[in-house]
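Using UniProt numbering, the letters of the sequence shown map in sequence onto residues 1 to 229.
Each residue gets a CB set at the ideal place from its N, CA and C atoms; glycine is no exception.
Here the structure is a predicted model, which means the values were calculated and not measured.
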Amino acid sequence: MLYIGTAVLGSLVQYIHPAHESYFSDKRNLFNTAFVKYGWGWTSILYLPFVTIAFARLDIKKAAPFWFRWLLATLYWYFITQNFVGPSITDRFFTWSGGACSIDDVHDSFTCKVNGGKWSGGHDMSGHCMLLIHASLFLWEELRIGWFNTRLNTRIKEQLSSRLLGIGLIALWFLWWWMLLMTNVYFHTIREKVSGVLFGYFYWIVSYGFVLPLTPFPGVPAQNLQSSL
1 MLYIGTAVLG
11 SLVQYIHPAH
21 ESYFSDKRNL
31 FNTAFVKYGW
41 GWTSILYLPF
51 VTIAFARLDI
61 KKAAPFWFRW
71 LLATLYWYFI
81 TQNFVGPSIT
91 DRFFTWSGGA
101 CSIDDVHDSF
111 TCKVNGGKWS
121 GGHDMSGHCM
131 LLIHASLFLW
141 EELRIGWFNT
151 RLNTRIKEQL
161 SSRLLGIGLI
171 ALWFLWWWML
181 LMTNVYFHTI
191 REKVSGVLFG
201 YFYWIVSYGF
211 VLPLTPFPGV
221 PAQNLQSSL
């Protein structure tokens, strides 16, 4: 409920005090261009070494379930936001709802913008909402066992590399929450934000709520680390 509440709070601020300017109202702000733009990359760069070192202790067999769940989450992100056997899901929604590129026969936003076209007229689902919620929920499900299990938490703190990566992941998790709030304060319509939130939650609900707990591989982190706890 945290991210739904954040989206609602940001939208209320937008409604009460619309069109106000700040550092975060400019899409060119450092946090957006250097971090959110490459959000899944930052999530991956910190997550993969952390679970390999802190959870799996450099054991490839123990690390494999974590890597595989990351791969599944990556494929979902890629399928929704990037060109995958044609335009991305976000671009398809945009064109299905009446949007188009000002350049004829161009059907995806990247090609349109690279060639100087204008991508307008359709339902522009909030990719920021989708990405930030998807990444945050993924990190929460994968890492919370390390925060709340005393034995595992102690082991992480005793190893410098694990501790530094853990601090980086916590900082990133808070940054993603803050940028989600800023996205809802300054950008998109309510409908565009709602669709972004729904897609952000969809993978988490289906995978961690129903599918992964029933599978022997990759399972969920608590199953993978049972012998280590």
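Please list the terminal residues of the continuous alpha helix (DSSP H) segment that includes residue i.
{"i": "N29", "result": "Unbroken run through N29: none, as it is neither H nor E."}
{"i": "F202", "result": "I190 to V206"}
{"i": "S44", "result": "G39 to F50"}
{"i": "N184", "result": "L160 to Y186"}
{"i": "T33", "result": "Counting along the chain, T33 falls outside any alpha helix (DSSP H), and DSSP gives it neither H nor E."}
{"i": "L7", "result": "The sequence given here places Ala at residue 7; Leu does not occur at that position. Counting along the chain, the alpha helix (DSSP H) containing A7 begins and ends at L2 to I16."}
By the 10 Å Cβ neighbour count, where 16 or more other Cβ atoms means buried, how is residue i classified, buried or exposed?
{"i": "I60", "result": "exposed"}
{"i": "T183", "result": "buried"}
{"i": "E142", "result": "buried"}
{"i": "L172", "result": "buried"}
{"i": "W193", "result": "In the sequence on display, residue 193 carries Lys and not Trp. When all chains shown are included, K193 counts as buried."}
{"i": "L139", "result": "buried"}
{"i": "F187", "result": "buried"}
{"i": "Y203", "result": "buried"}
Grouping DSSP H, G and I as helix and E and B as strand, with all else coil, what is residue i?
{"i": "A100", "result": "strand"}
{"i": "S22", "result": "coil"}
{"i": "S120", "result": "strand"}
{"i": "H128", "result": "helix"}
{"i": "G219", "result": "coil"}
{"i": "N224", "result": "helix"}
{"i": "V85", "result": "coil"}
{"i": "D59", "result": "coil"}
{"i": "D91", "result": "helix"}
{"i": "H107", "result": "coil"}
{"i": "N153", "result": "helix"}
Taking a contact to mean a Cβ-Cβ separation below 9 Å, would you say residue i touches residue j in this structure?
{"i": "A100", "j": "P218", "result": "no"}
{"i": "G122", "j": "T81", "result": "no"}
{"i": "L198", "j": "L46", "result": "no"}
{"i": "P213", "j": "V206", "result": "no"}
{"i": "G166", "j": "F50", "result": "yes"}
{"i": "G196", "j": "G98", "result": "no"}
{"i": "T43", "j": "W67", "result": "no"}
{"i": "residue 231", "j": "I190", "result": "Because the chain spans 1 through 229 in this model, residue 231 falls outside it and cannot be assessed."}
{"i": "V13", "j": "V185", "result": "yes"}
Taking 8 Å as the cut-off, does the stretch 123-142 touch the stretch 73-83 (at least 3 CB pairs, one atom from each stretch)? Look at the beta carbons and you see the stretch 73-83 touching the stretch 123-142: at least three pairs across the two are nearer than 8 Å.
Do the stretch 49-69 and the stretch 217-226 make contact, defined as three or more Cβ pairs closer than 8 Å? yes
I want to know whether the stretch 35-42 touches the stretch 160-179 - three or more CB-CB distances under 8 Å. Look at the beta carbons and you see the stretch 35-42 touching the stretch 160-179: at least three pairs across the two are nearer than 8 Å.
Could you tell me whether the stretch 82-94 touches the stretch 102-114, where touching means 3 or more Cβ pairs closer than 8 Å? yes
For the structure I just gave you, are there three or more beta carbon pairs, one from the stretch 141-156 and one from the stretch 16-35, closer than 8 Å? no
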